[in-house]
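Numbering of the sequence shown is given in this note's numbering, commencing with residue 709 and proceeding in unit increments.
Structure record follows, encoded as structure tokens.
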Amino acid sequence: MKKMMFSLAMVAACAWAQEAPKADAESAKAVPAVQQPAREVKAEKAPWPVCFAFNSTKNIDVIGLRFNCVYGACEGLTGFDLGLIGRCRYMEGFQLNLLRNEAEDVMTGFQIGFYNTAGRSDLLGVQIGLWNEAQSIRGIQVGIINVANSVSGFQIGLINRSESLYGVQVGAVNVIRSSDVPFLPLVNVGFEYFGTPAF
């Protein structure tokens with residue numbers, strides 16, 4: 709009974725927090741035009757220490773723990789992201805979601821799940837999963853399929869693909885598209901540091 713009451717209280721807190729910015733925006737519109745400043749100032753968002761996400765809550769920042777019951781999305785997260793599907797614009801920490809992890813702009817840390825993506829962003833850290841993808845990565849990708857535009861580090865998997873690589877690929881199919889030897893099975897080594905030859 710106590711656990712159920714705690715869960716209901718957390719759900720109510722999340723719902724209340726989502727409604728609070730709407731009320732603030734409506735009260736700001738009610739102020740006469742004479743009192744409003746000439747330029748609009750973006751309101752600071754208070755970070756949440758714990759968030760239980762049931763849907764997309766893109767307008768919040770979490771510093772601590774976010775638990776995604778099914779799907780959760782937020783602006784920024786520093787800490788732990790746990791659940792089934794997690795999406796952030798800025799991520800620093802651990803994304804441990806079973807089905808999908810996504811960082812849209814910046815990812816620093818670990819992504820562990822079936823499908824990990826930092827598709828439009830820079831990743832500094834590690835991706836472990838069945839399918840891993842990143843725009844640029846400085847770190848390690850371990851999975852069945854690893855895809856990145858530019859890599860400085862390691863790709864370990866069945867299929868590894870990158871446009872440019874400064875590091876090592878280990879797998880059955882290793883592709884470095886900008887290399888003089890674009891394909892090698894088992895091991896492929898690249899010496900191109902983010903589009904610029906190292907030698």
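The C-beta atom is built at its ideal place from N, Cα and C for all residues, glycine as well.
These figures come from a predicted structure and were not determined experimentally.
Using only the alpha-carbon positions, how far apart do Q803 and R797 sit?
When rounded, the distance between both Cα atoms is 12 Å.
Roughly how many angstroms lie between the CA atoms of G833 and P890, to the nearest whole one?
Computed Cα separation, rounded: 25 Å.
What does the alpha-carbon distance come out to for the pair E748 and V814?
Residue confidence is low: E748 scores 42 on pLDDT, short of 50, so the model does not pin down where it sits. Its coordinate-derived value is still stated next. Using only the alpha carbons, I get a separation of about 26 Å.
Report the partner residues of D830 according to the DSSP bridge assignment.
In DSSP, D830 forms a bridge with V814, S844.
So, is V778 buried or exposed, given that buried needs 16 or more other C-beta atoms within 10 angstroms?
Classification of V778: exposed, given that the 10 Å Cβ count is below 16.
Can you give me the Cβ contacts of P740 inside the same chain, cut-off strictly under 8 Å, excluding the 5 residues immediately before and after it?
Bear in mind that a pLDDT of 48 at P740, under 50, signals an unreliable position, so the number given afterwards is only what the model happens to contain. For P740, where only same-chain residues beyond five positions count, there are no Cβ hits under 8 Å.
To which residues does DSSP link F760 through a beta bridge?
DSSP, once it has assigned bridges, lists F775 as partnering F760.
Among the candidates G772, V859, E900, whose CA atom is the shortest distance from the CA of A842?
Taking only the C-alpha atoms, the option nearest A842 is V859.
According to DSSP, simplified to helix, strand and coil, what is G821?
Of the three classes helix, strand and coil, the one that applies to G821 here is coil, per DSSP.
If R808 and I820 are in contact, beta carbons under 8 Å, what's the gap, nearest whole angstrom?
Going by Cβ atoms, the distance from R808 to I820 rounds to 11 Å, so no, they are not a contact pair.
Indicate the three-state DSSP secondary structure (helix, strand or coil) for I793 in the structure shown.
Reduced to three states, the DSSP call for I793 is strand.
So, is R885 buried or exposed, given that buried needs 16 or more other C-beta atoms within 10 angstroms?
Flag for R885 reads exposed.
Go ahead and pull the three-state DSSP assignment for I768.
In the structure shown, I768 sits in coil (DSSP, three-state: anything other than H, G, I, E or B).
State buried or exposed for N767, treating a residue as buried only when at least 16 other CB atoms are found within 10 Å of its CB.
Exposed: under 16 other Cβ atoms inside 10 Å.
I'd like the list of long-range same chain contacts for G772, defined as Cβ closer than 6 Å, with 5 residues on each side in sequence excluded.
If we look at G772 and ignore the five residues flanking it on each side, its Cβ neighbours are P757, V758, G787.
Using the rule of at least 16 other Cβ atoms within 10 Å of the residue's Cβ for burial, across every protein chain shown, is R795 buried or exposed?
R795 is buried by the Cβ-count criterion.
Pop quiz: W839 and I853 are said to be a contact at Cβ under 8 Å. What is the actual Cβ separation, rounded to whole angstroms?
That belief holds up - the Cβ atoms of W839 and I853 are roughly 5 Å apart, short of 8 Å.
Assuming L790 and G801 form a contact by the criterion Cβ under 8 Å, report the distance between their Cβ atoms to the nearest whole angstrom.
About 11 Å; that fails the 8 Å criterion.
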